[in-house]
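Everything on this sheet refers to the single structure shown next.
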Ligand SMILES: Nc1ncnc2c1ncn2[C@@H]1O[C@H](COP(=O)(O)OP(=O)(O)OP(=O)(O)O)[C@@H](O)[C@H]1O
Ligand SMILES: [Mg+2]
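In this note's numbering, the protein residues as written are 2 to 326.
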């Protein structure tokens with residue numbers, strides 16, 4: 002696929018004037034499109050930057066760390082689109098060294114309409130069509146595990162969260178999905194895959210965004226847990242359904258569990274997935290919400306310590322309060 006190209010000088014100028022605490026007050030203003038656990042996605046309000054989504058990863062210390070990351074990022078995108086058969090929005094990337102000497106990496110994607118993204122679309126679609134949307138996501142996910150079964154020596158992980166999918170051709174004035182609806186997968190910035198059992202992504206990079214006084218604890222407690230769940234079809238499905246708590250549509254969960262079990266017993270029979278219960282989803286959600294709540298709270302404490310007490314730079318953009326149920 003043709004790479005998306007952007008004006009790197011303009012991006013550097015943007016980074017120079019970026020206010021990580023209030024991105025919208027940056028010299029070249031930006032509008033946040035979405036927060037991830039590690040990165041932030043925004044649009045940049047400047048001529049020549051229209052129609053793109055920028056995903057900023059400020060986790061690199063040296064330029065030499067970017068290279069292996071870029072290789073796995075590109076390989077992951079290639080595998081997902083060319084071998085697994087998912088549809089990705091057109092993408093590219095840009096990298097440079099910031100004024101303060103920090104290497105910065107931006108993923109660039111075609112910007113997709115906000116309402117078409119799963120976590121927005123579930124508030125627009127008729128409730129009766131939401132199980133269909135989730136079934137379509139499970140069909141995309143099944144391609145990953147079909148691939149993993151067939152390809153010796155290669156194992157790909159995926160994050161199936163509702164906010165990682167965009168409905169192609171979605172019309173918010175007449176919201177609708179059916180068997181023929183196509184989905185795009187957006188969240189390719191954590192290229193998790195194993196070659197001959199060896200993880201290709203250096204998980205230490207993603208620990209960088211964690212408060213330094215906690216890295217050892219995170220490594221010990223849940224790095225393994227969080228990374229391995231994306232290799233497990235059943236857990237990825239539980240995670241997807243558990244999102245409906247966070248997105249304030251918990252009333253749909255029993256129907257979604259029923260649909261997923263039907264999917265596992267019919268279309269995805271040969272993957273031998275044990276049925277899911279609402280209780281599985283509940284206890285998973287409680288634990289997951291606690292992990293990420295704690296993580297964000299500690300990052301805010303870390304930001305406070307670094308900027309107010311040590312008067313140092315804090316390069317990460319943190320979300321405000323996350324509304325959860
Ligand atoms: N191409 C895009 N067009 C429009 N909005 C986007 C695009 N890519 C991402 N977003 C918005 O930003 C949100 C977060 O992006 P994404 O899922 O790629 O990363 P993430 O969840 O931050 O990943 P991680 O947790 O690995 O950092 C999306 O849910 C979506 O709302
Ligand atoms: Mg995401």
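Cβ atoms here follow ideal geometry from the backbone N, Cα and C, with glycine treated the same way.
Pick out whichever of 284, 75 and 88 has its Cα sitting closest to the Cα of residue 246. On the chain shown, position 245 is the one that residue 246 refers to. Comparing Cα-Cα distances from residue 246 to each of 284, 75 and 88, the minimum goes to 284.
Just curious, the alpha helix (DSSP H) that residue 51 is in, first and last residue? Your numbering for residue 51 matches position 50 in the chain shown. No alpha helix (DSSP H) holds residue 51; DSSP gives it neither H nor E.
Mind the definition here: the stretch 184–200 touches the stretch 80–95 only if three or more C-beta pairs lie below 8 Å; say whether that holds. yes
Residue 272 (DSSP reduced to helix, strand or coil): In the chain shown, residue 272 corresponds to position 271, counting from 1. Correct three-state label for residue 272: helix.
Flag residue 1 as yes when its Cβ comes closer than 7 Å to any non-hydrogen atom of ligand 1, and as no otherwise. In the structure as shown, the chain begins at 2 and stops at 326. Residue 1 is therefore absent and cannot be evaluated.
Residue 74 - containing alpha helix (DSSP H), residue span: Residue numbering aside, residue 74 sits at position 73 when the chain shown is read from its first letter. Note, residue 74: alpha helix (DSSP H), 64–79.
Is residue 167 close to ligand 2? I mean its beta-carbon at under 7 Å from any heavy atom of the ligand. Locating residue 167 in the chain shown gives position 166, counting from the first residue. Because no heavy atom of ligand 2 lies under 7 Å away, the Cβ of residue 167 does not count as near it: no.
Would you list, in sequence order, the uninterrupted beta strand (DSSP E) runs of no fewer than 3 residues that lie entirely inside the stretch 181–217? 184–186 and 194–196
With distances taken between CB atoms, is the gap from residue 33 to residue 95 smaller than 8 Å? Counting from 1 along the chain shown, the entry for residue 33 is found at position 32. Counting from 1 along the chain shown, the entry for residue 95 is found at position 94. Taking 8 Å as the Cβ cut-off, residue 33 and residue 95 do not qualify as a contacting pair.
Quick check: does the Cβ of residue 195 come within less than 7 Å of any heavy atom belonging to ligand 1? On the chain shown, residue 195 is found 194 positions in, with the first residue counted as 1. No; taking the cut-off as 7 Å, the Cβ of residue 195 has no heavy atom of ligand 1 nearer than that.
Specify, as a first and last residue, the run of the alpha helix (DSSP H) that residue 132 falls within. As a position in the chain shown, residue 132 is number 131, starting the count at 1. Residue 132 -> alpha helix (DSSP H) spans 131–151.
Between which two residues does the alpha helix (DSSP H) holding residue 286 run? Position 285 of the chain shown, counted from the start, is the residue given in the question as residue 286. Here the alpha helix (DSSP H) through residue 286 covers 279–305.
One question on the structure: do residue 256 and residue 132 come within less than 8 Å of each other, judged by their Cβ atoms? Here the question's residue 256 lines up with position 255 in the chain shown. Here the question's residue 132 lines up with position 131 in the chain shown. Yes, they are a contact pair.
Could you give the DSSP three-state label for residue 108: helix, strand or coil? Translated into positions along the chain shown, residue 108 becomes position 107. DSSP places residue 108 in strand when its eight states are reduced to three.
Could you check where the alpha helix (DSSP H) with residue 119 kicks off and where it finishes? Here residue 119 refers to the residue found at position 118 when the chain shown is read from its first residue. Looking at the DSSP string, the run of the alpha helix (DSSP H) that includes residue 119 is 119–122.
In whole angstroms, what separates the C-alpha of residue 326 from that of residue 301? As a position in the chain shown, residue 326 is number 325, starting the count at 1. As a position in the chain shown, residue 301 is number 300, starting the count at 1. Summary for residue 326: the model assigns pLDDT 44, below 50, so the residue's position carries little reliability; its value from the coordinates is reported in the next sentence. Spanning the two alpha carbons is a distance of roughly 21 Å.
For residue 95, which beta-bridge partners are listed by DSSP? Numbered from 1 along the chain shown, position 94 holds the residue referred to as residue 95. Residue 95 pairs with 107.
List, from N- to C-terminal side, the alpha helix (DSSP H) runs of 4 residues or more that fit wholly inside the stretch 223–259. 225–230 and 234–247
Strictly by DSSP, which residues pair up with residue 31? Position 30 of the chain shown, counted from the start, is the residue given in the question as residue 31. According to DSSP, which records beta bridges pairwise, residue 31 is partnered with 45.
Determine the closest residue to residue 196 out of 281, 4, 126 and 158, with distance taken between C-alpha atoms. Walking along the chain shown from the start, residue 196 turns up at place 195. That would be 158, whose Cα lies nearest to the Cα of residue 196.
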